[in-house]
Amino acid sequence: MNLMANLIPAAAEIFLLAMVCFILIADLMLTKSSKIFTYLLVQLTLLGCSIITVGTHENAVVYAFNGMYVDDLMSDVLKMLSYLGMSMVLVYSRQYLMLRGLFTGEFMVLALFALLGMNVMISANHFLTLYLGLELLSLSLYAMVALQRDSAIATEAAMKYFVLGALASGLLLYGMSMLYGATGTLELGAISNAIDSGVQNKSLLAFGLVFILSGLAFKLGVVPFHMWVPDVYHGAPTAMTMLIGSVPKLAAFAFATRILVEGLQSLEHDWSSMLIILAIASMAIGNLSAIAQTNLKRMFAYSTITHMGFMLLGLISGGIEGYGSAMFYTVIYMMMSLGAFGMIMLLSRAGFEADTLNDFKGLNQRSPWLAFMMMLLMLSMAGIPPTVGFYAKFSVLNSIIQTGHTWLAIVAVMFSLIGAFYYLRIIKLMYFDAPESHAPINVGSDTGLLISMNGLGVLFLGLMPGSLMSICAVSVQQSLLLH
Amino acid sequence: MIFGLPVISVTIWLPILFGILVLATGDDKNAPLARLLALVGSVLGCLVTIPLYTGFDISTSNMQFVELHDWITRFNIHYHLGVDGISMLFILLNSFFTVIVVLAGWKVIEKRVAMYMAAFLIMSGIVNGVFAALDSILFYVFWEAMLIPMFIIIGVWGGPNRIYATMKFFLYTLLGSLLMLVALIYLYNLSGGSFAILDFHHLAIPMTAQILIFIAFFFAFAVKVPMFPVHTWLPDAHVEAPTGGSVVLAAIMLKVGAYGFLRFSMPITPDASHKLAGVMIALSLIAIVYIGLVALMQSDMKKLVAYSSISHMGFVTLGLFIFNAYGMEGALLQMLSHGFVAGALFLCIGVLYDRVHSRQIADYGGVVNKMPVFAAFFMLFAMANSGLPGTSAFVGEFMVIMGAIKVNFWYAFAAASTLIFGAAYTLWMYKRVIFGAVTNHHVEELTDINAREILIMTILAVFVLAMGIYPLPVSEIMHASVNDLLLHVAHSKLPI
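So the sequences go chain by chain: A and B. In terms of our numbering, the first sequence opens at residue 4 and continues consecutively. In terms of our numbering, the second sequence opens at residue 260 and continues consecutively.
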């Protein structure tokens, strides 16, 4: 295989890396007041990446670097969505970070490195590549959480995130080494073939699977490996929380499906029964704990746990329906969580964080439009039609019922009912209560436009969900099931 | 077709469009414009339903005015609308009540007028969608979406305990809906990939599955009806809701549940319906008798009418589950009649509440001395609520009792007791509020109803009397569909 054939599937990542290095140096030349150029450069980089990703798209599964790297429809779709998500994160957080003196080159460079890590994860076809991408992403995120050096709570969160994240990486690596011992390879496709043709040491395989699942569960933040999620979400500056809580979920989805479906499909019976326990526990503990929170960021942290648990139900069901619905769920979740954290940042101002429930009191009287957008986002999170969150839940439920786990669907909807309470509580605060503060809400034209598009997008996709659902199903079908 | 547009879609989307326009008028500075737009929207919304009545073919039980378009092709979900003799009348009722509600809130609602009017207009469109949807996911979307405006209406303009009431309302109904969703997806997989309600009607389903599906549907629909013992949200919601909210709850929302039994539970799971009919009848009779007694003890007028609604809806579910034509047509007539009567009673209470700001019976007395015109209208509606012959309520109740007596004398006996209890609680309340000497200075300062209120009351009174004296124009519409449904229900759907 010649060099170009290897480089083309990874062209977007190579461009991204080159641009990050360039921005890193260019940023040094800029004064503190002209960081806006860095910002624009970053946005242009994202645009360039998406052009390259579309341009190099091929209607087939292309392997590169001796099967370590894969470029298929699922990776291209997820990458495009990651660019979009990252771009939205930057738009939402610009003003917020400026007011806190965090709008620095470091932030943007770290964000791009995190994106590079995600892209590598999305395209990985080999345990080493997967791990490389994961660590690049995680290390960037640890540093970002700690970026606000003088905040004790942020530093604590960063420390906790780092220690637990390192532990999870250790578990994952240990699991990978066991699988290597059992199968003699680290390439996902080859592992799958090796397991199919019979493995001598079954217990080694089983232990490897358990360790890998634990590591995965850590990274996804599902119960019982969820302890870091609320603390990190709460402690990190909201812009970082938004980044952690949105785009990386796409990479985590890719990571989970590549390992479980491409690599360990033959062990589906084992891992899906383990995932059922994780999923139910996440929905239970996530929803019940979220009710007790007064801090919105903590509440959304528990809500993330719940949503990830729900997404796992799609993986458990399997097949095009199952994996497609899990992917659809993840994409929709990213969109909703971007909007929700975006709203927290919109309402925050210099020296004030609008991150408690009380800060949303009477929002309808202060700004009816923002309240309406937030209502759409919350209804979507609760899964109430006509917002798109309903279809996310609907497609997952459909895939579970199709596989005959109707009882699991009933458990899931019962927990959704509990979850509906705390989303409704926010609507209640916004519409039924009197505002506590009458401080004017300064919404920049860019963020105002973005939050409107985000909220109305949730509604529009709720009325016309068909095409996005099909895209997810087709890309899953092409990438995971046609090997 | 109206100007080249399909009729049913217009009845759904026109009110919603006007709702958005009303919202766009912004804050209370533009309240007069918002009111005017809302009135235009609701009247137009009512007018566009007329072709449904005039163009309706009473000789067939097939769906009419059908619209069928692809929506979500991946799951074979369609934008599929149509009406038959069962659903058509409720679209008329709903669109008509939207006008009444807009008029009733004209002066009373002073804060966030645009939002109030818009919520009712949007809800009107959504409810029309519920009655017209022939695709179960489309139905579900409308069904759930209906909760959102009602949640806001009770929560923003309701009484002191409104937040508890609206949360309870939302979560109670969501519980049922989610179970229904699981049942619908199960049926989708059983039918080999169709969400069309009419396809579900022809599915062969084993008994265990039928019973589970019936229970899932039961939770969804019984909560909405509401049936004993899942009725407890209703008195709370009614008491706390603003007058318009109560009217829509009583006149429209409660009908949606009974409609669900007719459209889903009975034809899809007939064997389970027959098997569990005893339970349904027992719950209905408990509602009629026990809730009737509970109503007798209420000191709050709205609560009294709320409990009386539950009791009257017991008649509806009784009529449905005795499986004969008398019962079913009686139930449908009772649903329509109860819409008018309960709606009118809530409006009457609203009239008093707007003036005195109390719903306690004890705070009134001798109102007739100050409001003679009002007292006359109130009398008519109170009589209708107690089932007086000549009013619409009598026809439905009488037919249900006739149907019941064919099945079991004691069913009919227990059901007929409502004619006594109903008269007792309604007329006793009427006596305490209206007659006697003027009891306090609030009543002393009362002024009689104005032209706008007289207009509303007159329209309602005409309907109540017309349906009571000559119900044929209404009942002939439902004949074909009811007979077809009974035929459906009589056939076992167990796989052979």
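Note that the Cβ used here is the ideal one computed from N, Cα and C, for glycine as well. Computed from a predicted structure; not experimentally measured.
For the pair of segments examined, the region 692-699 of chain B was found to touch the region 625-641 of chain B: the number of CB pairs separated by less than 8 Å reaches three. Not one beta carbon of chain B lies nearer than 8 Å to the beta carbon of Q480 of chain A. When C-beta distances to chain A are compared with 9 Å, the residues of the region 399-428 of chain B below that value are Y399, V400, F401, W402, E403, A404, L406, I407, F410, I411, G414, V415, G417, R421, I422, T425 and M426, in chain order. Rounded to whole angstroms, the gap between the alpha carbons of S141 of chain A and L270 of chain A is 28 Å. Against chain B, a Cβ distance below 9 Å from M472 of chain A picks out I331, R333 and F334. Burial check for L19 of chain A: the Cβ neighbour count within 10 Å reaches 16 or more, so the residue is buried. Straight across, the Cα-Cα distance linking L471 of chain A with V281 of chain B is about 32 Å. Cα atoms of F401 of chain B and P389 of chain A: separation of roughly 8 Å, rounded to the nearest angstrom. Separation of the CB atoms of V250 of chain A and S478 of chain A is rounded to 17 Å, and the pair is thereby denied contact status at 8 Å.
If you ignore the 5 residues before and after L113 of chain A, its C-beta comes within less than 7 Å of the C-beta of S143, A146 and M147, all in its own chain and listed in chain order. DSSP lists B:I336 as the bridge partner or partners of I331 of chain B. Sequence-distant partners of I385 of chain B (beyond 5 residues in either direction) whose C-beta falls short of 6 Å from its own C-beta, in its chain, are F401, A404 and M405. Assignment of alpha helix (DSSP H) within the region 301-359 of chain A, counting only whole runs of 4 or more residues, yields 322-350 in chain order.
In this structure the region 468-482 of chain B does not touch the region 434-452 of chain A; the number of beta carbon pairs closer than 8 Å is below three.
For the set A:M311, A:I194 and A:A169, the Cα lying nearest the Cα of M181 of chain A is the one of A:I194.
By the 16-neighbour rule on beta-carbons within 10 angstroms, W410 of chain A is exposed. Taking C-beta separations shorter than 6 Å and ignoring five residues to either side along the sequence, the partners of K483 of chain B in its chain run V515 and G516, following chain order. By a beta-carbon distance limit of 8 Å, T132 of chain A contacts M71 of chain A. Their separation comes to about 5 Å.
Taking 8 Å as the cut-off, the beta carbon of S596 of chain B is found no closer than this to the beta carbon of S543 of chain B.
Within chain B, the C-beta atoms nearer than 9 Å to that of I404 of chain A come from V441, I444, Y445, Y447 and N448, in chain order. Contact annotation: the region 579-592 of chain B touches the region 659-672 of chain B, with at least three C-beta pairs closer than 8 Å. Collapsing the DSSP output to three states places N361 of chain A in a helix. Closest option to N667 of chain B, judged by alpha-carbon separation, among B:A536, B:L264 and B:M572: B:A536. Beta-bridge pairing by DSSP links A541 of chain B to no other residue. Under the three-pair Cβ rule at 8 Å, the region 160-172 of chain A counts as touching the region 205-225 of chain A.
Assignment of beta-bridge partners to Y66 of chain A by DSSP yields A:V73.
8 Å or more divides the Cβ of V461 of chain A from the Cβ of L360 of chain A. Remark: C-beta atoms of Y99 of chain A and A242 of chain A approach each other more closely than 8 Å. Between the C-alpha atoms of T332 of chain B and G451 of chain B there is a straight-line separation of about 14 Å. With respect to chain A, the C-beta atom of L393 of chain B has no partner C-beta closer than 8 Å. Residue contact check for A357 of chain A against chain B: no CB pair falls below 8 Å.
Annotated three-state conformation of L443 of chain B is helix, per DSSP. DSSP, read as helix, strand or coil, puts G104 of chain A in coil.
Judged by DSSP secondary structure, T685 of chain B falls within the alpha helix (DSSP H) whose first and last residues are F668 to I693. Its Cα nearest to that of A155 of chain A, the residue A:V235 stands out among A:V202, A:V235, A:S96 and A:Y95.
A Cβ-Cβ contact shorter than 8 Å links G589 of chain B with G655 of chain B.
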